[in-house]
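> Once you've had a glance at the structure underneath, I'll fire off some questions.
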Amino acid sequence: MLFSYNWLKDYVKSLPAPDKLAVSLTMHFAEVEDIKKLAGDFVFDIDIRPNRAADCFSHLGIAREIAAIANLTLKMPSVKVPFLGAVKTTDLVEVIVQDKPACSRYTAKAVTDVKVGPSPKWLQDRLKACGMRPINNIVDAANYVMLETGQPLHAFDAEKLQGKKIIVRPAKKTEEIVTLDGDKFSLDPTILVIADEKKPVAIAGIKGGKDTEIDKQTKTIIIESANFNPLAIRRASKKINLRTDASVRFEHGLDPNLAEFALNRAASLMQKIAKGKAAKDMIDIYSQKVSPVQINLDLNYLNGLLGINIAKTRAAQILKKLGFKIIKQTKKYLLVEAPTSRSDVSLPEDLIEEIGRIVGYEQIPAVFPAASLIPAKRNDGLFWEDMVKDILKAVGFTEVYNYSFIADKDAGELVELQNPLSAEQKYLRPSLIPGLLTNAKKNAANFSSIKIFEIGKIFKKDKDIKEQKQLTALMTGTDFYQLKGIVDLLLEKLGISSVWYDDYQPTPEESKLELWHPQKRAEIKTDDGEIGFLGEILPIKAVVFDINFDKLVESVSGEHEYRPISKFPAVVRDLAILVPRKIKVEEVLNKINTAGGAIIRDVDLFDIYEGEEVPDDKKNLAFHIIYQSEEKTLTSAEVDLVQQKVIKALEKDPSWEVRK
Amino acid sequence: MTDLKKIKKEAEKEIGSAKDLKELQDVFNQYLGKRGELTQILRSLKDMPKRERIMFGKDANDVKNALTIAFDEKSAGLKAGEARAAEEKEWIDVTAPGKKIAVGHLHPLTLAKRKTMEIFQSMGFAVAEGPDIETEWYNFDALNIPKDHPARDVWDTFYLKDGPLLRTHTSPVQIRYMEKNNPPLRIIAPGTVYRHESTDSSHEFQLYQVEGLMVDKDISVANLKAVVGEFFRRFFEKEVDFRLRPDFFPFVEPGFDISITCLVCGGKGCSVCKETGWLEVAGAGMVHPNVFKAAGLSPEWQGWAFGFGLERLAMLKYRINDIRLFRSSDLRFLNQF
């Protein structure tokens, strides 16, 4: 919000220089985002936070802050000017507030004999500095007082009010209004209006209507200074999609006690700059009186919460400068009354903030808390997440972070956004695979082979919306078995000893993202059931593993046991066998291990061959079988005996043939 | 006699001038070989008269010993020289590049998150997490941000069909944690947050945030300053000046904005800090009594909370100039970490 430096000078004598003032405001009140130099003035752009809108969307509010921060005197503008009007407001208009909850106070004052024309240059300059366009002396005076006090005002041409009536009521279903800007709005009963006897003449708290506009012929005006319910104004403003300087102020909730001061201020200004004669009386319909609240401030709590010692006198002085009253003081307490303009202050903590920020947070020392030395509990999920990342990094994978959103492509039951940023981000991702595929395609121009992974949330919609952590990796320029080796390594390092792979079995609740190769795909299983998939994907030549990370964490053990190294030498024998193509290596391995028993230390498949010299429906598997005993040196004869046993077992099936 | 002297002199000269082991062997053979000159002289000793034999024999043996030593020394020298020459051939260019093993890379946000977690864990903070999809209650109401209040406008929110929303901050984790754990407590909560806003080099609609919360009977702003200061020092690995200034977040009172000295210009003012010398990195404050109430805690507790954007800190630490790079998945970017 924009503020004029010259204007602030009216209320604070010996105002600090602009640069210094900006730093003071930033450190003790709100950030000065910009200072713009104008001819003979500076414009401050201050980021007033929503809690201070009620009192500080105004030059007087800012001036009060400056006075408190710099310990200067605040000079309020006087409204004790003699009003010159001979007629009474009540003779010119009748105000009826029908919707009292929506309008807690309505004040009005008549000004007669006005000469409508341009306002004086000093006033025009101030409006312009604050980003407002001067219109005429009446409208400008109303706007000026709004910028000064924060209270929005409106001026009606009294002669244009049908039936000499101002009625505050909900709009009727079919009513319309043309505003001062010439825009037409259809109204409905959720929108509060100011109406005369016949029709709406203003959208309450938002914008005035064209029909009662001040023009060059206007002689008599009615100034409105009212207080409207913030929620009512906010909803109406959203509904008709019109935000104005007035609506923004009402939305934040204004002090009803401000209405009268602003009304008198505007009337006196109109007497001065438009030669008007303001009525001595005013209409005041004040249905819900707001009284100041009292707060008991415990000085020990003040110092304990801030971590600094502030003397009682200093605390009291700061509060007084900010417009608070000290009702009672004891050794340990201050009983404080907050002005009604400070609706944001109702708790001791609110007072502590006031005192703390004026003293300055830079005055507070840094002191480590005297807390007990309880070591932090480990977060297992994050611990294993880090471990997985380190393993994948060590084997050459690079970590990516993708967005949680996807476009409507091959979508099954997805979680849909109500207000997506674009069609490309309409749903929450049900899988990390599409993101990794896009990454692989995008990087293909710069890298011949790609190894990437992501650990992130995916979102599914069953009966409820579910989110789950997923681990997915993609690798190009290689095959199924290479990636399978990586999955094995990963699970082994996580201490998951029992892992096996099954042919993929489609299930009905399977995601409809059919990216997988129908044959080159396996289910990864542990004792806790299926934890994910591994396989080739079709859209690009790549292999992918996709693991439910939450399930993975349930399976990890972190156990790792050392197996003693045998003192006796190992003997290696090779074995090549021709088996039907669809016989699984696992089956062959099982037979070897069962037949060989404990002296087979390890069986290592070193070749799978299909093609020339091998019949079409067969494949050749070649193994190193490592024999080793923990108790003695094996003789050649002993090993041969077992090897023969193994061969015999394998050749039980006539379609299996051990090559000799 | 003269013969011996002459032989010694000539042999020594020839030993000295031998260029390699083969030449040296030839010289050896010439004097000390089977038919070598000195060998023959020594052999002829037996024919000499005893007296002469003793005299001459001693001199001849002295020459032989001297020459043997000279041969050995020369031989050792030549051998070392030849070994050196052989080594010379194996010279390599040590400035040529090494062969790299292809390891992968962790995302800079993971690195920044790890560093953050490590620092806070060493100060006794546990790490908590919460869901990305949140309810209005946890994201707003419980945090003292009432419905239909302009304060809520500060958070541009993504809503899902049928009600829930994507959390706009990690602060809901405060409530979720306090519902299940009694103070005293110290946690940080890292996680993804979402803001419904358009992007540019410093704005993103999906961000990584870290929330901090410390609650006990006597926790103060002074404690917040100490912990946050320690974090900055250790995160940036240098002294970092920081300041608290008033700000407003409905779930804290008093509320602060935390800024650090601009790391690019050192506080003199530059384009990164918009000439202010300061960079806003976090929001913080003392937990609002209404938040304790919403989480079911009694008013005897007090404490502070903070939240900062991890992208912002990572950008400052690694001098990354565009926030959109983090989720670009461009390996030319990621491979640098």
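Line by line, the protein sequences are chains A and B.
Per the working numbering: the first sequence = residues 17 to 676.
Per the working numbering: the second sequence = residues 1471 to 1807.
Every residue, glycine too, gets a C-beta built ideally from N, C-alpha and C.
Name the one or two DSSP bridge partners that ASN312(A) has.
Start at 1 with the first residue of the first sequence, and residue 312(A) comes out as number 296. BP columns for ASN312(A) point to LEU351(A).
> Between the beta-carbon of ALA220(A) and the beta-carbon of ILE230(A), is there less than 9 Å?
For the purposes of this step, residue 220(A) is identified with residue 204 of the first sequence, where counting begins at 1. For the purposes of this step, residue 230(A) is identified with residue 214 of the first sequence, where counting begins at 1. Not a contact, by the Cβ cut-off of 9 Å.
> With a cut-off of 8 Å, do at least 3 Cβ pairs link the stretch 1765–1775 of chain B to the stretch 1737–1745 of chain B?
Taking 8 Å as the limit for Cβ pairs, the verdict is that the stretch 1737–1745 of chain B does not touch the stretch 1765–1775 of chain B.
> Apart from the five residues on each side of it in sequence, which residues of its chain come closer than 8 Å, Cβ to Cβ, to TYR317(A)?
If you number the first sequence from 1, residue 317(A) lands on position 301. For TYR317(A), where only same-chain residues beyond five positions count, the Cβ hits under 8 Å are PRO364, ILE368.
> Is the beta carbon of ILE642(A) less than 9 Å from the beta carbon of ASP620(A)?
Within the first sequence, numbered from 1, the residue matching residue 642(A) stands at position 626. Within the first sequence, numbered from 1, the residue matching residue 620(A) stands at position 604. Contact flag set, yes.
> Return the residue from the list GLY412(A), LEU389(A), VAL306(A) that minimises the CA-CA distance to ALA489(A).
By one-based count along the first sequence, residue 489(A) stands at place 473. The residue with the shortest Cα to Cα distance from ALA489(A) is GLY412(A).
> Would you mind reading off the limits of the alpha helix (DSSP H) that contains ARG445(A)?
Locating residue 445(A) in the first sequence gives position 429, where the first residue counts as 1. Element bounds for ARG445(A): n/a, residue is neither H nor E.
> Quick check on PHE1628(B) - is its C-beta less than 9 Å from some C-beta in chain A?
In the second sequence, the residue the question calls residue 1628(B) occupies position 158. At least one chain A Cβ lies under 9 Å of PHE1628(B).
> By Cβ distance, which residues of its chain are closer than 8 Å to ILE1511(B), with the 5 residues on each side in sequence left out?
In the second sequence, the residue the question calls residue 1511(B) occupies position 41. Result list for ILE1511(B): ASP1473, LEU1474, ILE1477, ALA1530, in chain order.
> I need the boundaries of the beta strand (DSSP E) containing PHE1712(B), first residue and last residue.
Taking the first residue of the second sequence as 1, we reach residue 1712(B) at position 242. It spans 1712–1716 - the beta strand (DSSP E) in which PHE1712(B) sits, taken as one unbroken run.
> Output needed for LEU605(A): all residues of its chain with C-beta closer than 7 Å, excluding positions within five of it in sequence on either side, in chain order.
To locate residue 605(A), count along the first sequence from 1; it is residue 589. Answer for LEU605(A): VAL619, listed in chain order.
> Report the residue ranges of all beta strand (DSSP E) runs contained in full by the stretch 493–519 of chain A; include only those spanning at least 3 residues, in chain order.
List check, beta strand (DSSP E) in window: 515–519.
> For LEU1804(B), which residues in the same chain have their Cβ closer than 7 Å to its Cβ, ignoring the five residues on either side in sequence?
The count along the second sequence starts at 1 and reaches residue 1804(B) at position 334. Hits under 7 Å: HIS1575, HIS1577.
> Just the chain B side, please: which residues come within less than 7 Å of MET43(A) by C-beta, in chain order?
For the purposes of this step, residue 43(A) is taken as the residue at position 27 of the first sequence. The answer, in chain order, is ARG1715.
> On the three-state DSSP scale, how would you describe TRP1774(B)?
Stepping through the second sequence from its first residue, residue 1774(B) is reached at position 304. Three-state result, TRP1774(B): strand.
> Straight-line CA distance for ILE1539(B) to PRO580(A)?
Along the second sequence, one-based indexing puts residue 1539(B) at 69. Along the first sequence, one-based indexing puts residue 580(A) at 564. The straight-line gap from Cα to Cα measures roughly 57 Å.
> Measure the Cβ-Cβ separation of THR128(A) and LYS296(A) and say whether it is below 9 Å.
The residue given as residue 128(A) occupies position 112 in the first sequence. The residue given as residue 296(A) occupies position 280 in the first sequence. In this structure, LYS296(A) does not lie closer than 9 Å to THR128(A) by Cβ.
> Kindly indicate if chain B contains any beta-carbon less than 9 Å away from that of LYS664(A).
By 1-based counting over the first sequence, the position of residue 664(A) is 648. No, its Cβ sits nowhere closer than 9 Å to a Cβ of chain B.
> State buried or exposed for VAL630(A), treating a residue as buried only when at least 16 other CB atoms are found within 10 Å of its CB.
Counted from its first residue, the first sequence places residue 630(A) at position 614. It is exposed - the Cβ of VAL630(A) has fewer than 16 other Cβ atoms within 10 Å.
> Can you give me the C-alpha to C-alpha distance between ILE1534(B) and ALA1550(B), rounded to a whole angstrom?
Here residue 1534(B) refers to the residue found at position 64 when the second sequence is read from its first residue. Here residue 1550(B) refers to the residue found at position 80 when the second sequence is read from its first residue. Note that residue 1534(B) is Lys in the sequence shown here, rather than Ile. So the two alpha carbons sit approximately 24 Å from each other.
> According to DSSP, is PRO385(A) part of a helix, a strand, or is it coil?
Walking along the first sequence from the start, residue 385(A) turns up at place 369. Of the three classes helix, strand and coil, the one that applies to PRO385(A) here is coil, per DSSP.
> Would you be able to state if there are at least three C-beta pairs under 8 Å between the stretch 1621–1638 of chain B and the stretch 1649–1657 of chain B?
No, they do not touch.
> Mapping DSSP to helix, strand and coil, what is THR542(A)?
Sequence index remark: in the first sequence, residue 542(A) carries index 526 (1-based). Looking at THR542(A) - three-state DSSP - the assignment turns out to be strand.
> Please name the residue, chosen from PHE1721(B), LYS1708(B), GLY1725(B), LEU1515(B), that lies closest to LEU1714(B) on a Cα-to-Cα basis.
Counting from one through the second sequence, the residue named residue 1714(B) turns up at place 244. The option with the nearest alpha carbon to LEU1714(B) is GLY1725(B).
> Under 9 Å, CB to CB, which of the residues in the stretch 405–431 of chain A have a partner in chain B?
Correct list: LYS405, ASP406, LEU408, LYS409, ALA410, VAL411, GLY412, PHE413, THR414, GLU415, VAL416, TYR417, ASN418, TYR419, SER420, PHE421, VAL431.
> For the stretch 1587–1602 of chain B, enumerate the residues whose C-beta is nearer than 9 Å to any C-beta of chain A, in chain order.
Going along the stretch 1587–1602 of chain B in chain order, one finds MET1587, PHE1590, GLN1591, SER1592, MET1593, GLY1594, PHE1595, ALA1596, VAL1597, ALA1598, GLU1599, PRO1601, ASP1602 with a Cβ nearer than 9 Å to chain A.
> If you measure beta-carbon to beta-carbon, which residues of the stretch 1722–1733 of chain B are closer than 8 Å to chain A?
The residues in question are GLU1723, PRO1724, GLY1725, PHE1726, ASP1727.
> Apart from the five residues on each side of it in sequence, which residues of its chain come closer than 6 Å, Cβ to Cβ, to ASP1792(B)?
As a first step, residue 1792(B) must be located in the second sequence, where it is residue number 322. SER1671, listed in sequence order.
> Just mark PRO168(A) as buried or exposed, buried being the case when its beta carbon has 16 or more other beta carbons within 10 Å.
Residue numbering aside, residue 168(A) sits at position 152 when the first sequence is read from its first letter. By the 10 Å Cβ count, PRO168(A) comes out buried.
> Name the chain B residues that come within less than 7 Å of GLN434(A), Cβ to Cβ?
Walking along the first sequence from the start, residue 434(A) turns up at place 418. Here the neighbours are TYR1629, LEU1630, LYS1631.
> According to the neighbour-count rule (16 or more other Cβ atoms, all chains shown, within 10 Å of its Cβ), is HIS1639(B) buried or exposed?
Position 169 of the second sequence holds residue 1639(B). Classification for HIS1639(B): buried.
> Hey, out of GLN1500(B), GLY1779(B), ALA1775(B), LYS1483(B), whose CA is closest to LEU1694(B)'s CA?
Position 224 of the second sequence holds residue 1694(B). Among GLN1500(B), GLY1779(B), ALA1775(B), LYS1483(B), the Cα nearest to that of LEU1694(B) is on ALA1775(B).
> Taking buried to mean at least 16 other C-beta atoms within 10 Å of its own C-beta, is ARG445(A) buried or exposed?
If you number the first sequence from 1, residue 445(A) lands on position 429. Result: buried.
> Does the Cβ-Cβ distance between GLN310(A) and LEU351(A) come in under 9 Å?
Your numbering for residue 310(A) matches position 294 in the first sequence. Your numbering for residue 351(A) matches position 335 in the first sequence. Result yes, Cβ atoms of GLN310(A) and LEU351(A) sit closer than 9 Å.
> If you draw a straight line from the C-alpha of GLU1707(B) to the C-alpha of LEU1581(B), how long is it?
Residue numbering aside, residue 1707(B) sits at position 237 when the second sequence is read from its first letter. Residue numbering aside, residue 1581(B) sits at position 111 when the second sequence is read from its first letter. Each residue's Cα considered, the two are about 14 Å apart.
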